[in-house]
Amino acid sequence: MKVIVTGTTGYVGEGVMHACLDDGRVEKVLSVSRHPLGYSHPKLEEYIVPDFMALQPGDPMLQGYDAVYFCAGISSVGISMDDYKVICGDVPVHFAEVVGPKENMIITYVSGMGTSDWNPQKWSRIKTRTEHALMAMGFRGAYGFRVALMYPHERQQFRQEFQTATKKAYAVSKFFGLANTITEVAQAMIALTESPISKKYIGVRDVKKLSSPKK
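Mapping the sequence shown onto the working numbering, position 43 (from 1) lands on 487, and the numbers just tick up by one.
Listed below in structure tokens is the structure:
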């Protein structure tokens with residue numbers, strides 16, 4: 445399969461990209477980001493896009509793929525909700541509008557644990573509306589990945605920062621079934637691209653199940 449990964453200069457996107465490059469089911473990865481990766485791989489192609497909102501429908505660089513793994517985003521901490529809405533709502537929806545053909549594509553959106561129709565917090569309402577918008581756009585399959593803490597891929601540049609800051613938190617979260625590895629998240633995305641399912645909101649336990657080798 446051929447997949448697009450966004451946010452590859454950020455924590456989640458970088459890890460998903462590396463896991464996809466490792467996976468034999470993936471033939472090609474198109475990294476779409478605002479800045480160069482400084483990394484090369486035979487299966488990797490880069491598309492540098494300084495302003496995602498300036499992309500035009502039918503952009504030839506974004507056509508003919510099997511999936512979009514939308515991993516770009518930002519924390520709601522220390523940012524206005526207006527800016528948060530643009531980054532975590534307007535941008536992914538616009539990006540989804542310009543890729544195609546949608547009926548042949550899967551799209552996954554990393555919304556995060558806590559995203560819910562019932563959560564009154566503004567960040568959750570923004571991400572929930574984004575999930576709903578993506579699911580109404582005619583994709584072969586659209587999924588909100590409501591995941592929590594993720595352990596990094598071994599080749600990530602952010603690996604050391606994770607180990608020193610949150611390694612213990614990951615161990616505790618994993619014990620209670622509230623954590624995944626980023627490789628598991630990527631493998632779950634790939635599994636959904638191979639075989640879409642009816643469930644639209646993918647949580648930590650769903651990732652575990654989808655990423656496990658089929659017997």
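Even for Gly, the Cβ is constructed at its ideal location relative to N, Cα and C.
Bear in mind that the values here come from a model prediction, so they are computed numbers and not experimental data.
Query	Result
For L525, the first and last residue of its enclosing alpha helix (DSSP H)	A quick correction: the sequence has Met, not Leu, at residue 525. Segment M525 to K529, the alpha helix (DSSP H) holding M525.
K611, DSSP secondary structure in three states	helix
Cross-strand partners of N624 (DSSP beta bridge)	M594
Residues that S475 bridges to, as DSSP identifies them	V449 and E490
Segment contact flag, the segment 548 to 558 with the segment 566 to 586, C-beta cutoff 8 Å, min 3 pairs	yes
Residue closest to E628, alpha-carbon to alpha-carbon, out of V476, S568, G451 and H597	H597
The segment 576 to 594 touching the segment 640 to 659, judged by at least three CB pairs closer than 8 Å	yes
Candidates V651, K611 and E638, of which the one nearest G400 by Cα	Any answer about residue 400 is impossible in this case: the structure gives the chain only from 445 up to 659.
With 16 other Cβ atoms within 10 Å as the buried cut-off, status of G517	buried
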